[in-house]
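If you read the sequences in order, they're chains A and B. Sequential numbering of the first sequence, starting at 1, is according to UniProt numbering. Sequential numbering of the second sequence, starting at 1, is according to UniProt numbering. Every residue gets a Cβ at the ideal spot worked out from N, C-alpha and C, and that includes glycine. One structure below.
2 protein chains.
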Amino acid sequence: MKLATLRTSGGRTTAALATGDDTYVALPASDVGAFLGLENWRALAESAEGEALTAPDFAALLPHAGKVICCGLNYGDHIREMGRELPEYPTLFAKYADTLLGANDAVEIRGSGRVDWEAELAVVVGSELYQADVDQAREAIAGYTVANDVSMRDWQSRTLQWFQGKAWDATTPVGPVMVTPDEAGEEFQVRGYVNGELVQDGNTRTLVFSPAQLLSYISQFTVLRPGDLVLTGTPGGVGMGMNPPRFLQDGDILVTEIGGIGRLENTFRIHAPVPATA
Amino acid sequence: MKLATLRTSGGRTTAALATGDDTYVALPASDVGAFLGLENWRALAESAEGEALTAPDFAALLPHAGKVICCGLNYGDHIREMGRELPEYPTLFAKYADTLLGANDAVEIRGSGRVDWEAELAVVVGSELYQADVDQAREAIAGYTVANDVSMRDWQSRTLQWFQGKAWDATTPVGPVMVTPDEAGEEFQVRGYVNGELVQDGNTRTLVFSPAQLLSYISQFTVLRPGDLVLTGTPGGVGMGMNPPRFLQDGDILVTEIGGIGRLENTFRIHAPVPATA
């Protein structure tokens, strides 16, 4: 099953179930995160009926995710392009739901001149997890989606901690749908394109830490809840790793695609940098 | 004025106004964060009346804070003890509200053998801020409180990103009260004690980035809202900086104190480490 968060009228959104290509039916929650918080969400989705919603306008899949936890340095090829060694532990950092936006939304950037892409498989949590083992974590995966952990490299490299380059509001597209594991399979080809040129192309079979391992690891110190989102890292091919480095320009179109899940297409509006205040 | 979040019966909490030493009156919100979300919170607090609440049981001051953003390396003396240079930009990282707990709560740790202290002044946001200058940021400060950014150094040092050593649920005491700027003043002596021994003693006049500068800087990339919390960094004297390094033991009592604001007193329960799963 495929779930989405669709914009409706008056600035509202609804969770929705895909019933065909570009056809949806509304579900009884305002977004996929709220829907996954309903104990019987699977049964509700299986029995969903109503008016067909067409021409979907995708909101951020999880506009109110309590936690959006990202893993860096998780593909062997990307680790090598960044000049690092294979890690013993996952490198984790946090962002907030304000960073998220819809699958086809424009990304507006004010204040960075080094805007880079990171195509990623993202995992949606379906049930509460705390100090869980890997099998429990696998059972708690509600589904998979597509994300791009767009990164402001100038800000990211200002200090040792990446947060300020990663946590810009409305810069991380996510969606268009969450696909449940029974439909999605277990291996994913993750691709990124800039203005139609393939720049990233990796397979999740080369992940150092699998989705279930990441969820289990994170749950050792913090609870994960339905609707939380974990980004699993990006394969090789980011702009910063190119020689010379390459960054997104005003008007560029970034496509992020995972076979069997979906496709993000985001136009970038990059405004002149503003000076920092501190 | 001094505001607190107090536990009442049945697992509930209420925002409350201090009317005397250890005497409070309830305010019309479940916690200080929700109270600051009310447009007329200052007037509501000034006119609060009702039954006196005594023997306060402090919950985490902001149990549902949308953002808890921390600054590292912000006191000259702490920067030097960590072997670093004075920074041009604030080092920022994020945690979630699940990390917070009450001023006198026990801190339970399972899985770390290197539990360290970081006494900090924390700033509570009182109105929405986005791309604000320093004056606007100063106006948006609702008040100040006391926090201890308790850090699991073994996990913190596993990777380049500190998140996994900083974001353990229910390990960051915060409170007991938020004091508004008119009562709190502008300079604060931040002290930490382990079993009665003074281990940290710094003054916020030596901060590299002031509270208002931090709020302004953060607001350049993400919106801050009423009830969000910003931790301003810790002065010298953390256990990791000692020779030999010193960490909290089972049964230790950590006191964190800021003159004019308040005092946290937390007993640590440190259980045998569990092996990591990844």
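Bridge-paired residues (DSSP) for residue i
i	result
serine 151 of chain A	A:Asp116
methionine 178 of chain A	A:Leu3
residue 303 of chain B	Nothing can be reported for residue 303 of chain B, as the shown portion of chain B is limited to 1 through 278.
phenylalanine 35 of chain A	Its beta-bridge partners do not exist; DSSP assigns none.
glutamate 108 of chain A	A:Arg269
glycine 236 of chain A	DSSP output for glycine 236 of chain A lists no bridge partner at all.
glutamate 88 of chain A	Partner(s): none; glutamate 88 of chain A has no beta bridge.
glycine 72 of chain B	B:Thr91
aspartate 129 of chain A	In the sequence under discussion, the amino acid at residue 129 of chain A is leucine, which differs from the aspartate named in the question. Its beta-bridge partners are A:Leu224.
isoleucine 141 of chain A	A:Val125
asparagine 203 of chain B	B:Gln189
tryptophan 26 of chain B	Residue identity check: residue 26 of chain B is alanine in the sequence provided, not tryptophan. B:Ala16.
glutamate 81 of chain B	Partner(s): none; glutamate 81 of chain B has no beta bridge.
alanine 103 of chain B	Bridge partners of alanine 103 of chain B: none, in fact.
proline 173 of chain B	B:Leu101
threonine 54 of chain A	A:Thr23
valine 230 of chain A	A:Ile69, A:Val123
Close Cβ partners of residue i (< 7 Å) along its chain, the five nearest in sequence each way excluded
i	result
residue 306 of chain A	Here chain A covers residues 1 to 278 and nothing more, so residue 306 of chain A does not appear.
alanine 184 of chain A	Gly143, Tyr144, Gly260, Ile261
aspartate 21 of chain A	none
glutamate 81 of chain A	Gly236, Gly241
arginine 158 of chain A	Gln164
serine 112 of chain B	Met152, Asp154, Trp155, Pro273
isoleucine 69 of chain A	Leu92, Ala94, Ile218, Val230
Burial state of residue i (16 or more Cβ within 10 Å)
i	result
residue 346 of chain A	Past the edges of chain A, shown from 1 to 278, lies residue 346 of chain A, and the structure says nothing about it.
residue 281 of chain B	Beyond the ends of chain B as shown, which are 1 and 278, falls residue 281 of chain B; an answer cannot be given.
asparagine 74 of chain A	buried
proline 173 of chain B	buried
histidine 78 of chain A	buried
proline 245 of chain B	exposed
arginine 153 of chain A	buried
alanine 272 of chain A	exposed
glutamate 257 of chain B	buried
glutamate 118 of chain A	buried
asparagine 243 of chain B	exposed
arginine 225 of chain A	buried
leucine 121 of chain B	buried
serine 9 of chain B	exposed
leucine 215 of chain A	buried
asparagine 266 of chain B	buried
glycine 11 of chain B	exposed
leucine 36 of chain B	buried
aspartate 250 of chain B	exposed
aspartate 149 of chain B	buried
glycine 196 of chain B	exposed
aspartate 105 of chain B	buried
leucine 62 of chain A	buried
leucine 198 of chain A	exposed
Sequence-distant residues of the same chain with beta carbon closer than 6 Å to residue i, five excluded per side
i	result
threonine 91 of chain A	Gly72, Leu73
phenylalanine 268 of chain A	Val107, Leu248, Asp252
lysine 67 of chain A	Asp228
glycine 259 of chain B	Gln189
residue 280 of chain B	Residue numbering for chain B in the displayed model covers 1 to 278; residue 280 of chain B lies beyond these limits and cannot be assessed.
threonine 13 of chain A	Thr5, Arg7, Ser30, Asp31, Ala59
valine 179 of chain A	Lys2, Gly143, Tyr144, Ile261
valine 25 of chain A	Leu17, Thr19, Ala48, Gly50
threonine 277 of chain A	Unreliable positioning characterises threonine 277 of chain A in this predicted model, as indicated by a pLDDT of 48, which lies under 50. A coordinate reading is not provided.
tyrosine 130 of chain B	Ser219, Val223
alanine 212 of chain A	Val134, Ala137, Arg138
8 Å Cβ shell around residue i - same chain, five flanking residues per side excluded
i	result
threonine 23 of chain A	Ala52, Leu53, Thr54
tyrosine 89 of chain B	Tyr217
glutamine 156 of chain A	Trp162, Gln164, Gly165, Lys166
arginine 84 of chain A	Leu73
alanine 65 of chain B	Gly33, Ala97, Leu100, Gly227, Asp228, Leu229
isoleucine 141 of chain B	Val123, Val124, Val125, Gly126, Pro181, Pro211, Ala212, Leu215
* Residues within the segment 83 to 115 of chain B neighbouring chain A, beta-carbon criterion of under 8 Å -> Pro87, Glu88, Tyr89, Pro90, Thr91, Leu92, Phe93, Ala94, Lys95, Tyr96, Asp98, Thr99, Arg110, Gly111
* When Cβ atoms are compared, which residues of the segment 153 to 164 of chain B fall closer than 9 Å to chain A? -> Trp155, Arg158, Thr159, Leu160, Gln161, Trp162, Phe163, Gln164
* **Within 7 Å of chain B by C-beta, residues of the segment 201 to 224 of chain A in sequence order** => Taking a C-beta cut-off of 7 Å against chain B, the contacting residues of the segment 201 to 224 of chain A are Phe209, Gln213, Ser216, Tyr217, Gln220, Phe221, Thr222, Val223, listed in chain order.
* Name, going along the chain, the residues of the segment 18 to 31 of chain B whose beta-carbon falls closer than 8 Å to a beta-carbon of chain D. => Chain labels in this structure do not include chain D; the protein chains are A and B.
* **Under 9 Å (Cβ pairs) to chain A, residues found in the segment 169 to 189 of chain B** => Asp169, Thr171
* To do: Examine the Cβ distances between the segment 123 to 132 of chain A and the segment 92 to 104 of chain B and report whether three or more of them are shorter than 8 Å.
  => no
* Asked: Given 8 Å as the limit, is there contact between the segment 195 to 215 of chain A and the segment 232 to 240 of chain A, that is, 3 or more CB pairs closer than that?
  -> yes
* Identify each residue in the segment 71 to 82 of chain A for which the Cβ-Cβ distance to at least one residue of chain B is less than 9 Å, and report them in chain order. => Gly72, Leu73
* Which residues, in order along the segment 53 to 64 of chain A, keep a beta-carbon less than 7 Å from a beta-carbon of chain B? -> none
* Which residues, in order along the segment 117 to 129 of chain B, keep a beta-carbon less than 9 Å from a beta-carbon of chain A? -> none
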